[in-house]
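So the structure is just underneath, and the comments pick up after that.
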Amino acid sequence: MIVARLRRQLAAKARAWAAAEGVALPEALAVCAPPAHVKADVSLPWPLAVARTAKRNPLDLAKSLAVALSELPDVASASAAPPGFVNVAVKDAVLAANLKAVTLDPAGCGRDEEGAPARILVEFVSANPTGPLHMASGRGATLGDSLVRILRRLGRKADAEYYINDAGARVVLLGQSIKARYLEGKSQAAQVPEKGYHGEYLKDLAAAAPAEAASWSDERWGRYALEALLESHRRDMKAFEVSFDRWFRESELFASGAVEKTLAFLKSRGMVYEKADAVWLGTSGAEGSSDDKDRVLVKSDGKPTYFLPDIAYHLDKFERGYDRLIDIWGADHHGYVPRMKAAVAALGRPPESFHVIVHQLIHLFRGKQAVKMSKRAGTFIPLSEVVEEVGRDACRFFFALRTPDSHLNFDLELAKKQSSENPVYYVQYVHARVCAIFRKAGEAGLHAPGADLPLPDARRLAAPEERALMAKLAWFPEVLLDCERLLSPHPLANYLLELAGLFHPFYEKCPVVSAEDPAQGRARLLLCAGVRDVIREGLSLLGVSAPEQM
RNA sequence: GUCCCCAUAGCUCAAUGGAUAGAGCGCCGACCUUCUAAGUCGGUGAUGGAGGUUCGAUUCCUCCUGGGGACACCA
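The first sequence begins at 19 in the numbering used here and counts up one residue at a time.
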């Protein structure tokens with residue numbers, strides 16, 4: 019909260035200053051973190067931004083701006099630095115007061131928006147129910163679930179949804195595959211179709227089929243396998259602490275007539291034409307279209323492609339009142355992005371209301387040995403197996419640390435062997451240590467559990483280790499806004515790592531329970547409470563536990 | 001062939017166009033009579049190559065090299 023308030027103060031003052039100086043500040047005024055060697059809380063490159071057009075010396079402008087900013091109530095000092103930065107230090111008392119409210123007030127954290135808040139729908143995982151969830155789904159699940167939690171924490175209206183492809187030819191193919199496994203199990207001649215699903219998991223499912231399965235049709239077999247696999251997806255997601263507001267079935271779109279309605283709607287908009295007995299979506303020539311060729315909606319055999327129900331699904335999302343659609347896809351689907359964007363435009367919806375986060379795939383290793391993930395070849399490593407091996411906390415934190423764009427290497431042996439060295443423990447350990455301090459403080463009579471801690475004199479928290487911690491805590495809400503801006507939880511995970519890194523030196527040098535006097539101890543206890551609350555809150559947003567003892 | 005993503009320390013990865021590029025692990029050397037040594041302190045060490053835009057480029061643009069992925073009337 020403190021940084022947002024400070025930024026508003028700085029921006030307002032700077033604009034007044036710019037008007038007086040006769041220089042033009044840009045619309046967006048970015049605040050950046052100062053480099054390690056500069057003793058300040060925020061750095062402003064604003065004079066550099068205006069120096070050129072104003073034909074003024076940037077350092078002179080910085081000096082002038084620094085004088086103006088020094089007058090602000092929250093500012094302890096503002097000074098110019100070459101080539102034209104203004105470094106601003108916040109008053110210690112402001113940082114200390116922030117300790118009473120480190121975990122933000124969501125209402126106050128929103129940007130200055132007007133009108134009703136947008137309703138956001140985040141769709142993720144949406145894996146085909148033709149096999150168990152694998153690692154890539156775990157990454158998508160981490161990104162999506164954490165993003166939804168963060169958006170909600172910021173007061174946004176965000177929902178999570180899982181789309182189930184339970185219609186079409188794949189069900190029959192799945193049925194043929196499992197039926198072959200079933201017959202194999204009965205020592206009868208059978209062959210899984212070449213393009214079918216060859217994974218071992220179908221053997222287990224076939225063996226578990228009821229007695230009447232002997233007379234099942236291919237499609238009946240397919241539905242049986244699909245529902246069983248879908249149930250495993252639900253179990254995996256639950257074990258991964260990932261929850262969805264709705265599991266949406268593709269078959270609903272056919273049953274309700276939404277698919278046909280969508281096609282009729284596109285026709286009415288003049289976006290559709292027929293060629294060679296097929297029905298095409300004519301987006302390639304459309305203005306601003308993102309796709310370079312037209313795509314088939316209905317094949318010449320009269321059956322819809324997968325594309326048409328997908329469009330119907332996205333139209334349904336809009337019609338349910340969502341203003342902003344965020345889809346999270348694996349990189350293997352990136353080629354589909356221009357097509358879907360073109361479809362959204364064809365529906366007459368603003369292109370910017372639809373956003374796809376494409377996350378790169380995970381390269382799985384066992385030691386130096388690469389493990390190829392292939393759902394159809396049956397050699398992939400299921401998510402559930404990895405979660406069992408390395409734990410949910412380590413898994414989610416590891417995925418959350420990386421930008422969606424990174425191609426991350428995940429070495430199963432290393433993750434297992436060195437699990438105690440995983441960064442997540444580094445963060446959790448701080449939480450456990452703080453909790454230990456509170457237990458000791460209770461035993462020593464310094465602080466009764468649950469009692470309110472008084473706001474201390476800022477001079478009580480003036481040691482470098484204390485001040486660095488207070489300043490870091492003040493950035494927590496900004497980090498959540500970074501996550502929203504980048505649509506990724508990775509700034510939060512990295513922030514928690516940095517916060518943990520600042521706690522340990524404090525712990526070494528600033529005794530709490532055995533402080534010089536009780537007032538000093540209670541001041542540090544308040545700082546500890548801030549650290550505890552931010553870590554607990556931050557880890558919770560990442561779906562990671564915060565143990566009180568380790 | 002076309003398109004997307006990536007290339008940063010020995011390894012895994014950070015860094016809204018900003019200053020002396022940060023962490024963790026590893027390695028070398030110190031720290032447990034004091035709230036958890038799963039820790040701290042010190043040392044080590046990096047932007048693939050060539051141009052361009054900019055006051056300023058890890059970041060933006062072009063080309064090259066290397067790696068991953070996608071290019072159906074498949075789902």
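Don't be surprised by glycine CBs; every beta carbon is placed ideally from N, CA and C.
Quantities reported herein were computed from a predicted structural model and do not represent experimental measurements.
Asked: V112 - containing beta strand (DSSP E), residue span; Found: It is not in any beta strand (DSSP E) - V112 instead sits in the alpha helix (DSSP H) that spans D110 to N116.
Asked: C-alpha gap between Q387 and P441, whole angstroms; Found: 24 Å
Asked: Close beta carbons around D328, own chain, < 8 Å, minus the five adjacent residues each side; Found: M358 and A361
Asked: For A22 and W64, believed in contact at Cβ under 8 Å, the rounded distance; Found: Incorrect: roughly 17 Å between the Cβ atoms, too far for contact.
Asked: Short Cβ contact (9 Å threshold) for P422 with V355; Found: no
Asked: Spatial distance of S274 from E496 (CA atoms); Found: 44 Å
Asked: Beta-carbon proximity list for A38, same chain, < 6 Å, skipping 5 on both sides; Found: none
Asked: The stretch 485-504 in contact with the stretch 547-564 per 3-pair CB rule at 8 Å; Found: yes
Asked: For E292, the three-state DSSP class (helix, strand or coil); Found: strand
Asked: CB of L343 within 9 Å of CB of F283, strictly; Found: no
Asked: Beta carbon of L223 nearer than 9 Å to that of A208; Found: no
Asked: Given Y443 as reference, the closest of A412, L24, S402 and P529 once Cα atoms are compared; Found: A412
Asked: L473 classed as buried or exposed, judged by whether at least 16 other C-beta atoms fall within 10 angstroms; Found: exposed
Asked: Residue from K221, G214 and L191 with nearest C-alpha to S205; Found: K221
Asked: In DSSP terms, what R26 is bridged to; Found: BP columns for R26 are empty, so no partner.
Asked: CB of L315 within 9 Å of CB of L326, strictly; Found: yes
Asked: N105 burial status per 10 Å Cβ neighbour count (16 or more: buried); Found: buried
Asked: Of the residues G561, E566, A454 and Q567, the one placed nearest L161, counting alpha carbons only; Found: G561
Asked: Beta-carbon proximity list for H419, same chain, < 8 Å, skipping 5 on both sides; Found: At residue 419 the sequence reads Leu, which differs from the His that was named. Answer for L419: P441, H508, A511, N512 and L515, listed in chain order.
Asked: Nearest-angstrom Cα separation, counted from E218 out to R394; Found: Annotation note: pLDDT 41 at R394 (below 50); position unreliable, coordinate value reported separately. Looking at the two C-alpha atoms, the distance is approximately 10 Å.
Asked: Integer Cβ distance of A36 from A29, believed to fall under 8 Å; Found: Not a contact, Cβ separation roughly 10 Å.
Asked: Contact set for V166: own chain, Cβ-Cβ below 8 Å, skip 5 residues either direction; Found: V140, A176, D177 and A178
Asked: Close beta carbons around A125, own chain, < 8 Å, minus the five adjacent residues each side; Found: Reliability of the predicted coordinates at A125 is poor, the pLDDT of 46 falling under 50, and the value obtained from them is presented with this limitation in mind. G173, listed in sequence order.
Asked: Straight-line Cα distance separating K109 from D92; Found: 6 Å
Asked: Runs of alpha helix (DSSP H) wholly within the stretch 167-222 (minimum 4 residues, chain order); Found: 187-203
Asked: Euclidean distance between Cα positions of T280 and A450; Found: 54 Å
Asked: Close-in-space but distant-in-sequence residues of the same chain around S155 (CB under 7 Å, 5 per side omitted); Found: V143, A145 and L401
Asked: Helix, strand or coil at G539 according to DSSP, with G and I counted as helix; Found: helix
Asked: Whole-angstrom distance between G186 and V120, CA atom to CA atom; Found: 51 Å
Asked: Check whether L77 and P101 have beta carbons under 9 Å apart; Found: yes
Asked: Residues of its chain near G214, where Cβ-Cβ distance is below 7 Å and the 5 sequence neighbours each way are ignored; Found: L191, Q194 and S195
Asked: For L559 and R171, believed in contact at Cβ under 8 Å, the rounded distance; Found: 6 Å
Asked: Beta-carbon proximity list for D309, same chain, < 7 Å, skipping 5 on both sides; Found: T301, S302, P356, R357 and A360
Asked: Alpha-carbon spacing of A51 relative to R287, whole angstroms; Found: 50 Å
Asked: Alpha carbon of G158 to alpha carbon of W347, nearest angstrom; Found: 7 Å
Asked: Nearest residue (CA-CA) to D236, options R199, L271 and E259; Found: R199
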